[in-house]
Structures are given as structure tokens and as C-alpha cells.
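Chains as they are written, first to last, in the working numbering: chain A, 530 to 804; chain B, 346 to 703.
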Ligand SMILES: Nc1ncnc2c1ncn2[C@@H]1O[C@H](COP(=O)(O)OP(=O)(O)OP(=O)(O)O)[C@@H](O)[C@H]1O
Ligand SMILES: [Mg+2]
């Protein structure tokens, strides 16, 4: 905190910029392996409040594993994670959720048997508290709570322009719309940090444009911090404030998109130059 | 065309998320309730009540119980019969210990015991899934059956090893024991089943029902949305076993009058499971359809051929029933895992677009 305070005073461009630089999450020297396979080796980076932080790298670089570490799905063998100034030990995924971390998945992980509406409502689970006996009766508090959260969910449905598929079981939706519903479900959690694992994979140009617009809007209108994994370099350059590049589980570059793009290590990694 | 919601606009979320947002459905439900509470009691004879309606309602309730666990929460169980047995034995002990208490209350209370035991046997569900979990519930089935046989205290040291339901009165009428009339039994069973079905419909459309379905559809994602897997599954086990327990207690108190351990065997577990599969996994109305089909089909087969002059032996009826049910189960598992309930939906969809075929 102290180091941070001095940093603030020396920040040349005033307090607004400084406030935007507050650290939300920091990963220090994290290593993760599965048996013999080293998925992540000694990686450190930070995510600042309010930014869009891209994580890129070739296939199998360890990007998804990194997200899994952040939201408690994998426990790294070494290293620490500091969330909102507090170092955290082993954490279960549902604890990460209750602390404000939401995510979408590389392979859509929607609740297939439920409608779009119910999928997004499920994002409100942590914010709903009426117990079993109120639910049995329904009339009164349980119904009131359901309506209150339904309003918030309808706002998200409007925002994502998916009104027409509200009552459609998500299993019947085309892939692009499923990804959109999945974003809606994560947004319903009103997270502090939103982890997006390849939100535009397999989309056509128009769908990508829509999705980019949603991501930017979420970041700018709601001020949500976003960590974004994406293979489309154009999208990464346009959307992100800073980029971490992983290759074979190691961090090979970190910085603003233009710098990273020009970095020789990064160019080599993407061209497959041997190590 | 006949069944459509055009013109029925919802002006509030309250109306939109009502149990039955479409008018035709609400009318349908009212008609069914009127038939169940008025028409059948007036018209039906004792045979119809005792051999068809009472067992059908008992099984429908048990199917709802299993559906909560398997259809809505995705945890396969083969211990339904034993959990029903726990309810039966618990109610029997309760009414032995408190002979003056209202036996209907005792039946409703007995479910609490099966809920507790169900939750204990649900503990392995944190680590194991699918068929492996089914095997642990099978172990529960055999262990509990063993208890029903080996613990004489459970059946009051009765020489026959069976429980025999004593004469009990409530509100001045005989409600259990041999003297209880079919019509009284029918009203009790109907009221309890309808009440529990209604309460479960409420739970299933809210936060808790959703959390069960989240675990069923994608447990990893559910956990990342803040659902605690163990608590959620144990709750499903407890609620499901409560309902099955009450159904099991009703089975002996208001239908059979006496029961042996074999009444609650693995065969019963499978019977209820088949009702759930045929009716539709994850559908309350399907639970009724499945129970009706599996219970009434054999009765039907027994009597219809006789009326048109064909005589079928009892064994033939049984075999034909097995074959039809077996074939249908294979059909549904492969073609339409959501059972009759889904076929009914498709039929409604067709009515909506009638006379066009799409
Ligand atoms: N659960 C697991 N068990 C074993 N190995 C794993 C597991 N998860 C990831 N790995 C391995 O860790 C490495 C990194 O995988 P990861 O999925 O994080 O890559 P990625 O950067 O997301 O790749 P992609 O762009 O293909 O999604 C790979 O070699 C992968 O095989
Ligand atoms: Mg990945």
C-alpha cells in the first residue's frame, strides 16, 4: 500500500489517472503443474482496477490455466495471489465468486436444460437469500425477491439485445448467441473482475463486432475490470489497455499493445521459433 | 390455433413468472382439480378408489420425490424404495409411541426421518457421480432393507415381521386401520399429494430449484457462480427423501394397511424410477403422467380384453405390461429423454400452430 501511495504522488498526470491505477489483483511467481506437465512457470503480473487486461499466447500456452488459478479452480503449487490488497490462500471457486470474480468459458458452459432467462437469473444466485420455507410459500418475500432480481436481469437482456430468446432453452441457440448469454450470466453477478476466455472464438465478423462493443460498454459504463483471453490480434489491439503474453507457460512480454506487438520474443513465439 | 397465448400480454414480471402464465393451462388445472376433488368422489366406487386412484396418487408423490433428486438435481438414485420404507416405519413407530396424536401429522412428520437418512446417504455425491453414485444408493437400499428385517423394534416385535396399521381417528372419522373408508383415505392422499406438488412447484421455479438445475446441467459452472455443491446436493437429497418418505408412509397407512420389508424393496425403487423416466425427467406434471401410465396400464390390460371377449391369463397381463413398459423406457431413453411431459408440450405446440403443420 505504501509503495503504491508514493507511486500515486509521483504520478505525473493527476489524481483521476492515479485512482484508475489502483491494483485489483496481483499474481506473484505462480507455478502450476499437472503431474509432469508444467502448465504455468513462475508467472507474475497485475491487473489494475478498471482496465481491460489481455492475456494472449499460442495454443497450450497456459492462458486458461491462469484464469483457473485466479478463480480458485486450480491451486498453484507455488506463488501467491493478492486480491484487493489481501493475499489469499487456497480458495474454492464459490468463494472466488462471492468475492466478485465472474467468468465465461472457452467452451460454452451454459446450463443447457434451462432457458436464457433462467441462465442469467442463475448469475444472481449469490445475491438472493430467501430460504427454503419462503420459497415453499412463494407468495410474499420469495416472489418479491424474484421480481427484484428479474428486473436487473431484464436490464442485462436489453443491454445484450437478446429479448427475443428470453424463454428459449439455451441448448437450442446458435453458438454465437450462447456466448452472448454466457456473458449475460457473468454480468448478472455484477463482478469486480470479469474473466473472459476467448469470448469471440468461432464467431463471424459481425458477431465479433457486437461482442467487442459489449465488452467495451461493460468496461466503460459499469467500470468492470476485465481480463480477456483472445486469439484475434486485431481485437486485442483495439480493446485492451495492457497485454500479458504467455508462451509454454512462461511470461515473455507485458505492456501496452503496441509495445507487445513489436516485441521480438512475441513475434518469435507466434511464428514458432524454437526455444 | 386452439391453444395459443396471442393476446395474453404480460404487463408485470409477477404475471410473467406465474406458475401457469397461459390461461388455457390454468383452466386445465382447475378442471383436473375439480375432477379429483368433486367428480371422482361422487362417481367412483370403492374399487376404483382403492385399486386405482389411491395407489396412483401415492406413486405420483414418490415419483415427484425422485424427480427432485434425479430429474432436477441430476443425481441418480436407486434407493427410493428404502427411503419410502423409512417413512413408513418412522410413521408406524411415531403412531405407536404417540397413539393419541393425529396420524396425518405423524405421516407428514415421518418424512423428516427419511430426509435425515437420505441426506446421510447423499454425502458421497460430493465425490462421485452418475452410475457410481447410483451404486452407493443401491447400498443404502440393501442396508435399510436389512434394518427393516433385522431390527424387531421397528415392527414392534410383531411375529410376522410386518407392520400392521392400527385403528386411528382424526377429526372424528376413522382415517387408518381396516375400518377406514376408501373415500376418507382418498381425500387424505389426494390432499397431501396436491399440497406437496404445489409447494414443490414453488421451490422449483425459484432460487433453490435453479441451483439444483445448475448442478445438474454443469456443476463446474454452478460452482463458479457461487453454488456450494455439497450443500445444494444434500438439500436435494433431503427434500427428495422427505417426499418419498411421506409417500412411503401413505402407501402403508392409507392404502395397504400392512407392509413387510419386501414392500419397500429394490423393485419399488425401479418402479418409481421408471415412472420418472416415462413421465419426464425434470417435470412435475410428468411425474403424474408416469405414475398413471405405469400403474394404470396393467389394470387396463387386465380388464379391457375381458370386455371385448378375449381372456388373458394373469401372467400374460404381467408379461405384456413388462414388455410395453420396457419397450417404452428404451424408446424414451433413446428418443425423448423428457418423456410424456415433452410429448404433451409438442402436442400443445402443434395445437398452437394448427392447422399448419409447422
Ligand atoms: N487439467 C489438466 N490436466 C492436465 N494438463 C492440463 C490440464 N489443464 C491444462 N493442462 C495443460 O496445461 C497446458 C496449458 O493449457 P491451457 O488450457 O491453459 O492453454 P491455453 O493457453 O488456454 O491454450 P488454448 O489457446 O488452446 O486454449 C497444456 O499443455 C495443457 O495440456
Ligand atoms: Mg484456453
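All residues carry an ideal CB built from backbone N, CA and C; glycine is no exception. For clarity, every value in this text was computed on a predicted model and none was experimentally measured.
In the DSSP assignment, find the alpha helix (DSSP H) that holds residue i and state where it starts and stops.
i, result
"residue 426 of chain B", "425–442"
"residue 379 of chain B", "368–379"
"residue 590 of chain B", "574–595"
"residue 616 of chain A", "Premise fails: residue 616 of chain A lies in the beta strand (DSSP E), 615–617, not in any alpha helix (DSSP H)."
"residue 611 of chain B", "611–624"
"residue 495 of chain B", "475–495"
"residue 663 of chain A", "661–666"
"residue 409 of chain B", "399–411"
"residue 713 of chain A", "704–716"
"residue 788 of chain A", "786–791"
"residue 389 of chain B", "Run containing residue 389 of chain B: none; DSSP gives neither H nor E here."
"residue 500 of chain B", "Per DSSP, residue 500 of chain B belongs to no alpha helix (DSSP H) and is neither H nor E."
"residue 766 of chain A", "762–768"
Would residue i and residue j qualify as a contact pair, given that the criterion is a beta-carbon distance under 8 Å?
i, j, result
"residue 712 of chain A", "residue 754 of chain A", "no"
"residue 645 of chain A", "residue 569 of chain A", "no"
"residue 409 of chain B", "residue 545 of chain B", "yes"
"residue 594 of chain A", "residue 554 of chain A", "no"
"residue 611 of chain B", "residue 423 of chain B", "yes"
"residue 760 of chain A", "residue 717 of chain A", "no"
"residue 682 of chain A", "residue 653 of chain A", "yes"
"residue 640 of chain B", "residue 401 of chain B", "yes"
"residue 592 of chain B", "residue 460 of chain B", "no"
"residue 431 of chain B", "residue 468 of chain B", "no"
"residue 757 of chain A", "residue 769 of chain A", "yes"
"residue 569 of chain B", "residue 626 of chain A", "yes"
"residue 396 of chain B", "residue 644 of chain B", "yes"
"residue 679 of chain A", "residue 358 of chain B", "yes"
"residue 632 of chain A", "residue 596 of chain A", "yes"
Give me the Cβ distance between residue i and residue j, rounded to the nearest whole Å; I'm assuming they're in contact under 8 Å.
i, j, result
"residue 684 of chain B", "residue 625 of chain B", "3 Å"
"residue 788 of chain B", "residue 606 of chain B", "Past the boundaries of the shown model lies residue 788 of chain B; chain B is included only from 346 to 703, so the question cannot be answered."
"residue 599 of chain A", "residue 630 of chain A", "7 Å"
"residue 558 of chain B", "residue 642 of chain A", "6 Å"
"residue 429 of chain B", "residue 590 of chain B", "7 Å"
"residue 789 of chain A", "residue 772 of chain A", "5 Å"
"residue 709 of chain B", "residue 598 of chain B", "In the structure displayed, chain B extends from 346 to 703; residue 709 of chain B sits before or after that span and is not available."
"residue 594 of chain B", "residue 455 of chain B", "5 Å"
Helix, strand or coil: how does DSSP classify residue i here?
i, result
"residue 779 of chain A", "strand"
"residue 568 of chain B", "helix"
"residue 602 of chain A", "coil"
"residue 563 of chain A", "strand"
"residue 558 of chain A", "strand"
"residue 683 of chain B", "coil"
"residue 520 of chain B", "strand"
"residue 689 of chain A", "coil"
"residue 551 of chain B", "coil"
"residue 637 of chain A", "coil"
"residue 594 of chain A", "helix"
"residue 356 of chain B", "coil"
"residue 704 of chain B", "Look at the range of chain B in this structure, 346 to 703, and you will see that residue 704 of chain B is not part of it."
"residue 506 of chain B", "coil"
"residue 472 of chain B", "coil"
"residue 577 of chain A", "strand"
"residue 653 of chain A", "coil"
"residue 571 of chain A", "strand"
"residue 661 of chain B", "helix"
"residue 364 of chain B", "coil"
"residue 697 of chain A", "coil"
"residue 808 of chain A", "Absent from the structure is residue 808 of chain A, since the part of chain A shown begins at 530 and ends at 804."
"residue 603 of chain B", "strand"
"residue 804 of chain A", "Note that residue 804 of chain A scores 49 on pLDDT, short of 50, meaning its location in the model is unreliable and no value can be drawn from it."
"residue 552 of chain A", "strand"
"residue 638 of chain B", "helix"
"residue 626 of chain A", "helix"
"residue 547 of chain A", "Here the model assigns residue 547 of chain A a pLDDT of 47, short of 50, so the residue's position is not dependable, and the following value carries that caveat. Note: residue 547 of chain A maps to helix in three-state DSSP."
"residue 672 of chain B", "helix"
"residue 796 of chain A", "helix"
Where do the ends of the beta strand (DSSP E) carrying residue i lie?
i, result
"residue 733 of chain A", "Where residue 733 of chain A is concerned, there is no enclosing beta strand (DSSP E), given that its DSSP letter is neither H nor E."
"residue 726 of chain A", "722–726"
"residue 526 of chain B", "Here residue 526 of chain B belongs to no beta strand (DSSP E), and DSSP marks it neither H nor E."
"residue 584 of chain A", "581–585"
"residue 757 of chain A", "754–758"
"residue 719 of chain A", "Where residue 719 of chain A is concerned, there is no enclosing beta strand (DSSP E), given that its DSSP letter is neither H nor E."
Any chance the CB of residue i is under 7 Å from a heavy atom of ligand 3?
i, result
"residue 633 of chain A", "Annotation note on ligand 3: not contained in the displayed structure, which lists ligand 1 and ligand 2 as its ligands."
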